[in-house]
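Chemist:
Numbering (the working numbering), first residue to last: 277 to 484.
1. Kindly give me the distance between the Cβ atoms of residue 426 and residue 472, rounded to whole angstroms, as I take these residues to be in contact under 8 Å.
2. Going by Cα to Cα distance, which pick from 369, 418, 325, 405 is closest to residue 356?
3. Determine the burial state of residue 449: buried for a count of at least 16 other Cβ atoms within 10 Å of its Cβ, exposed for fewer.
4. Anyone know if the C-beta pair for residue 465 and residue 377 falls short of 7 Å?
5. Note down, in chain order, each residue of its chain lying with its Cβ closer than 7 Å to the Cβ of residue 435, except the 5 sequence neighbours on either side.
6. Are there three or more Cβ pairs, one per stretch, closer than 8 Å when the segment 397-414 is compared with the segment 354-374?
7. Distance check for residue 390 and residue 384, CA to CA, integer angstroms please.
8. CA-CA distance, residue 358 and residue 346?
9. In this structure, does DSSP put residue 420 in helix, strand or coil?
10. What span of residues does the alpha helix (DSSP H) with residue 395 cover, start to end?
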């Protein structure tokens, strides 16, 4: 609840309580009986109606303020849950990418590791599926600037990784990716994605 809403609600409840306490005191009753025409039923009914109208007005103000606060709180909770859901999806996707790139980096820097056709196809499929999922998340919908940065940079890294994978068969991957340059490229992609994964985890935890 914002400061203005707290002030309105507090004033409404305070005035309502004040009127109730005032009406319950003996001096008020004495003053009411001292008014002109207090012995006339219609005059007493008019005073009761006036006091009741004032109480109803303040009660309506208090109820409206409380309802507004409750609606705002529900909206904030719903938005927070949506932010958490989106942050967790990003965390999962980026961590999956980091694991895949770690495997590729190890294979491309270790000449004793050999990938089969199935291994090559599987890693390509994983990278493409994760990239497609990240591309399906609108940057405008992410909960923070940091999330937007992670999303954008993870997409760029995965696009580069997919380009490196295209066109190479398992029997030629070791020769082409086993070079110092190619191995360094995969290590950099792996390290970058690990950094993005840590950021994504921090963002997810921030909304818990």
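Each residue gets a CB set at the ideal place from its N, CA and C atoms; glycine is no exception. Only a predicted model underlies this, so the values are computations on that prediction, with no experimental measurement involved.
Modeler: Quick answer:
1. Position 150 of the chain shown, counted from the first residue, corresponds to residue 426. Position 196 of the chain shown, counted from the first residue, corresponds to residue 472. At roughly 5 Å, the Cβ-Cβ gap stays under 8 Å, so residue 426 and residue 472 are in contact.
2. In the chain shown, counting from the first residue as 1, residue 356 sits at position 80. It is 418 whose Cα lies nearest to the Cα of residue 356.
3. Sequence index remark: in the chain shown, residue 449 carries index 173 (1-based). Because residue 449 carries a pLDDT of 47, less than 50, the predicted location of this residue cannot be relied on, and the following value inherits that uncertainty. With 16 or more Cβ atoms within 10 Å of its Cβ, residue 449 is classed as buried.
4. Within the chain shown, residue 465 is the residue found at index 189, counting from 1. Within the chain shown, residue 377 is the residue found at index 101, counting from 1. A contact, by the Cβ cut-off of 7 Å.
5. In the chain shown, counting from the first residue as 1, residue 435 sits at position 159. Cβ within range, chain order: 407.
6. yes
7. Walking along the chain shown from the start, residue 384 turns up at place 108. Walking along the chain shown from the start, residue 390 turns up at place 114. Distance between the alpha carbons of residue 384 and residue 390: 9 Å.
8. To locate residue 358, count along the chain shown from 1; it is residue 82. To locate residue 346, count along the chain shown from 1; it is residue 70. Cα-Cα distance, rounded: 18 Å.
9. By one-based count along the chain shown, residue 420 stands at place 144. In this structure, residue 420 counts as coil in the three-state DSSP scheme.
10. For the purposes of this step, residue 395 is identified with residue 119 of the chain shown, where counting begins at 1. Segment 393-411, the alpha helix (DSSP H) holding residue 395.
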